[in-house]
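Per the working numbering, the sequence shown starts with residue 210, numbered consecutively. Backbone N, C-alpha and C fix where the C-beta goes; we use that ideal spot for every residue, glycine too.
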Amino acid sequence: MNAFDGENAQRTLQARAADIIEVLFVPEGLIKKKRPQEIGDAAWAQFEAAYALYVQNKYEESLKAFAALALNEEWKQWPVFAMGNVANIAIALERYEYALKLLSQLHSFQPLTEKLLWNFAYTHYRLKNLGEALNLLQQWAKSVNPNAKAIRNGAGEMVIACLSALLGKEQTALEFLKSAAGRNPALLQEHLALQAAPAQHIPQPAAEQKTVLSEAAEIPAEIRESIIQMLAPKRPERSPALSQFLTAVEMEQYSLALESIADGEYNRALDHLLRLQSAHPGAWLLDIAVAGARIFNGEYEVARDLLMGAVQAGHKISGSAWWNLASAQSRLGDFEGALFALTSCAETEYRSSPQLWKALKALGGNGEPAETDTVQEESSVPKKISHPLLYDLPEDMNSQRIEILNRILRPKKMPKAFKPDLGRLSQRDKQHVAIILDAAYRATSSEASKILQSILHQYPDLYTLKAHLAGHLIQDGNYQQARSILQQAENLRPLDTISRINLAHIYLTTKRMDRVVQVLEVGSDSIKEYTYWLALALARELSGKGDAPVAAARARALAKSGPSEKTVIEVLKMSNIQIAAEAFLENPSLAAAQEALSGLEEGDIEKVRQILEDSGEFTAERIPEINRKVMEPLFLVNPGGGPRWKEDVISRFNAGLRAYEDGKFTEAANNFYTLYRNTHLYSIAVNASAAYLKDGNLSKAKKTAQLALKDIRDKRKMQSWTWRLAYNWALAHLETKDVQGAVKTIQYYRNYGRDKSRSLTGLLAAICLDNPGLDGLNEKLATSLDDLKGLVYKPSDDLILALAWAQLNLPNPNIHDVKQALRELAQPDT
C-alpha cells in the first residue's frame, strides 16, 4: 500500500472480522524437536510411535499413545512433548474443553511454548472466550520469535486485530492492523479487499499488454489497466475438504505452498502444489490451488483452463476461485469472461466485498450488492453475460441441445499421472512405459500419437497406453482410429470418465445419439458431476431413448444450492426436458444400498450381489481410501534426523536421492544399501529396498527388507519404519508372482505391535481385488476392507459398497454384517 487508510481498513475489518478469523486462525500441529539427551532409546521410540500415528491421521490412537507417554517417568520432566501434544490432538478432534483443561494445567506450572500459547488462545476462541483468547494472543505476539511464520506473514497480528474489533477495542485493532499491513500489504488486500500498491501488480510484458488491450471491446482503454490491477489474484484457500484426502504431512506441504506465495516465491509454491497434484490426480481442489499459483507466476492461460475445467465439470468452486478466474480472464483480454466470473463470484462469500462490486461496475455490470439474498427475476448484470454452456447459442431448440452437448463432451487428453494398471508390469517395463508417456506428454498430439503407437504392440493389453493414445488421436483429429483404440481399451476394463467422454464425443460428431447414450450410461452411477448427467439427459432427449427426466433430476441434485443450479434449470427449460421427482436420485450409492437391503429382506442373495456389482466394478482405483500409487515402492525423501545423521551420512544419502530421482536406480540402490550396512538406519534400508525394486533386482530388494526387519525384531524396537520395509518386501513378492507370499508378509507386519497400518491394509485390499477367486483371498478382502473402514474418519460410499459385496461373497456370508454395512449408506442419519 502507498498509504495505510486506517479508517477504511477498520470499517471493513469490523464487517469481516469473524470471516477472516476463520481463515487465518488455525491451530498448530504437534511439537517435535530434537531428542532430549535424558530420553533413552525405548522412551524415544515410544514418542516416535505416537507421532507416527498422528502423521497417519490416526488421531484417536495417537492421543492415547501420547497420554501413555505422559505417564512415563522419563517424559515427566518434558510435559510439553507429552501433555502438550495430547492437547494439540484434542484440538484436532475438536475436543476443546479437554484441550483447555490440559493447557491450563500446563500453563499453571511453566510458560507455554509459542505453539502451545497459540493453540491455548485458539481453544479459548472456539469456546467463545474471546477476551481470554485476545489476552493470550497478545502474550504470544510479545514472546514469539520475530522470524516465526505467523509473525512474518502478518497473520497473527491480523487475527489479534480481528478479535480486538469484535470486542470493540478499536485502538488495539488499529495498532495490530497497521503492524500486519507493514509486514504483508497483500494480506490486507486479500482479506479486506483494499486497493494494492502498484508494486503488488503482476507485470505483463509490454507486447503482451498491447495485444490484450487491442483485442478487448466495449471497455475504454484507460479503464482496462485499472481493472487488471483491481483484479489482483488471491492466494488459494486452505479448504477443510482438503483434509479428506491429504495426509497431515501433505497438508503441511500445502501450507508451505501458500506461505511461499505470500513470500513471492511462486516457483517454489508451484513445486509443492504440483507434487501434491501428481500424488492425487483428479483432485479438483488441488487444480484450483495450482491455478491460483500459476496466475501469480504469470501463466494466465494455463490457470484459466484449469479453473474453467472445474467450472465445466460442475464443481462448486469458492469465491476466491471465481475471483482468480476473473483475474486470469482480464489478463488475457477476455473482459466479458471476467464479468461472467465476477457475476458468479457475487453469489459466494465475496458478496460483501466492496472490491468485487467496484470491479463489476468497471466491467459494465451492476456495481451495487443485492439488498437481500433472494434470487431476483432480473439479473443484476447485462443479459448477454451467461454461463459458458449458454453463451451465444443457435436459435432453434434442437441445434441448441446439440451445441450444449458438444460443449460438455469436449474431448481431453489424459492427465500425465493417469497410469491405473502400470503397477502390474515389471519394474523395467514400468520404467520404460513411464519414459514413453512422459515424452508423449511433452510432444504435440500428432507426435505423441506416433510415439505411443510405436510401443503399442509390446503392451497390447495395457489400458493406460490405450487411454493416453486415444486422447492424443482425438486431439489430432483421427477419430476413427481413436474409436477403435477406445473399444479395445473397454474390452480390457471399464472406461474411465475422460475416456468415456472422449468416446461419446466421437459418436456425437457422427450424430450417433443412440451410441452417445449407450456410452454415457455405462458406469454413470459412480459419476458425481452435474455436467455429465446433463449431457446424458440431452442425449436421451435427442435420441428418444432412455429416461431424460431421471438424468435431468440427477443433474439438478448435483448442482443444488450452487451457482450452477440456475444454469442446469435454464438448460433443461430451453431444451424442454422435465425433471423427475424421485428423491433417490441425489445419491446413486444410497439407491443401490436401499435396493440391496430390500433384496436381503426378501432373502434373494444373488439379486443383492447383482445389484452391488451393477453399481460399478470393484477395483482398487474405485476406492479412494486405497492410495492411487498403491503398487509403487515406498521411498523417503525426508527420513528424519538424529545423532547418527552425521554430515557424511547426509551427503551420501543426498547422493543416493539424486541418483534415484534421475532414474539411476542401480547406483541409488547400491549407495543406499552400503550406507544402511554402515549406519543401520532403517529409513535408509527402506530407500535401498525401493531402489532395488525400481531396478528390477528383486532378490536384493527382499534381502534388504529382511535384514532390516530381522534387526528390528532382534532389538525389539517397534519403529515406524517396520511397516514401510514390510510394504516393499510384499511388493517384491508380487513382482515374482508370489501373491500368497505378499499376503503373508502384509498380514504378519500389519498387526506387528498392534498397529494395523492403513497403507499395508490398503495394499492387502488392492491385492485381493486384483486377484479375485484366488484361494483364501475373499476372506482377506472382507477383513481388509472392514479394517480400512475403521482406520478412516468417514468411509466413502464406494468403500462401504465394496465391503458389503466382499462380505456377501464369503463362503458363509454373515447377512447381519452385510446389512449393517449397507445401513450406513441407506440410513445415514440413524
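Item: Do ALA761 and ALA746 come within 8 Å of each other at the CB atom, strictly closer than that value?; Value: yes
Item: I need the boundaries of the alpha helix (DSSP H) containing TRP742, first residue and last residue.; Value: 739-752
Item: Restricting to Cα atoms, I'd like to know which of LEU483, ALA252, ALA478 and THR888 is closest to LYS855.; Value: THR888
Item: On the three-state DSSP scale, how would you describe TRP566?; Value: helix
Item: By Cβ distance, which residues of its chain are closer than 7 Å to MET618, with the 5 residues on each side in sequence left out?; Value: Before going on, a small fix: residue 618 reads as Leu here, not Met. These residues qualify, in order along the chain: ILE710, ALA713, HIS714, LEU717 and ALA744.
Item: Tell me whether GLN348 sits in a helix, a strand or coil according to DSSP, three-state version.; Value: helix
Item: Tell me, please, whether the segment 541-558 touches the segment 525-533 by the rule of three or more beta-carbon pairs shorter than 8 Å.; Value: yes
Item: To the nearest angstrom, how far is the alpha carbon of ALA822 from that of ALA800?; Value: Reading off the sequence, residue 822 comes out as Glu, not Ala. Cα-Cα distance, rounded: 13 Å.
Item: I need the straight-line Cα distance from GLN662 to GLN636, nearest angstrom please.; Value: 21 Å
Item: Of all the alpha helix (DSSP H) runs that stay within the bounds of the segment 619-661, which reach a length of 4 or more residues?; Value: 636-651
Item: Nearest-angstrom Cα distance between MET606 and LEU674?; Value: 40 Å
Item: Can you say whether ILE594 is buried or exposed, counting buried as having 16 or more other CB atoms within 10 angstroms of its CB?; Value: The predicted model places ILE594 with a pLDDT of 40, which falls under 50 and marks its position as unreliable; any figure quoted below should be read in that light. Per the 10 Å Cβ criterion, buried.
Item: What does the Cβ neighbour count give for LEU1031, buried or exposed, with the cut at 16 atoms within 10 Å?; Value: buried
Item: Let me make sure I understand the geometry here. Which of VAL1027, GLN223, ARG724 and ALA935 has the alpha-carbon closest to that of SER892?; Value: ALA935
Item: Just list the alpha helix (DSSP H) runs in the segment 285-344, keeping only unbroken ones of 4 residues or longer that don't cross its boundaries, in chain order.; Value: 288-301, 305-318 and 323-335
Item: For ALA974 and GLU834, what's the separation of their Cα atoms in angstroms?; Value: 10 Å
Item: Alpha carbon to alpha carbon, how far is LEU695 from ALA757?; Value: 26 Å
Item: Pick out the complete alpha helix (DSSP H) segments inside the segment 820-899, 4 residues or longer, and give them in chain order.; Value: 856-870 and 874-888
Item: Quick check on DSSP: helix, strand or coil for ASP543?; Value: coil
Item: How would you label LYS924, buried or exposed, when you count the other beta carbons within 10 angstroms and need 16 or more for buried?; Value: exposed
Item: Report yes if the C-beta distance between GLU283 and ILE248 is below 8 Å; otherwise report no.; Value: yes
Item: Considering Cα atoms alone, identify which of TRP930, ALA899, TRP932 and TRP938 is closest to GLN915.; Value: TRP938
Item: I'd like to check one pair, ALA698 with TYR209: are the Cβ atoms closer than 8 Å?; Value: In the structure as shown, the chain begins at 210 and stops at 1039. Residue 209 is therefore absent and cannot be evaluated.
Item: Would a C-beta distance cut-off of 8 Å place GLU306 and LEU326 closer than the cut-off?; Value: no
Item: What's the C-alpha gap between VAL295 and VAL232?; Value: 24 Å
Item: DSSP three-state label for ILE248, please.; Value: coil
Item: Taking DSSP as the reference, what is the three-state secondary structure of HIS400?; Value: helix
Item: Between the C-alpha atoms of TRP532 and TYR901, what's the straight-line distance to the nearest angstrom?; Value: 48 Å
Item: Using the Cα positions of VAL368 and ALA535, report the straight-line distance between them to the nearest angstrom.; Value: 28 Å
Item: Whole-angstrom Cβ separation of PRO703 and GLU826, contact assumed at under 8 Å?; Value: 5 Å
Item: Going straight from the alpha carbon of ALA425 to that of PHE544, what length do you get?; Value: Unreliable positioning characterises ALA425 in this predicted model, as indicated by a pLDDT of 34, which lies under 50. A coordinate reading is not provided.
Item: What are the boundary residues of the alpha helix (DSSP H) that ASP670 is part of?; Value: No alpha helix (DSSP H) contains ASP670, which DSSP labels as neither H nor E.
Item: In the DSSP assignment, find the alpha helix (DSSP H) that holds ILE955 and state where it starts and stops.; Value: 948-959
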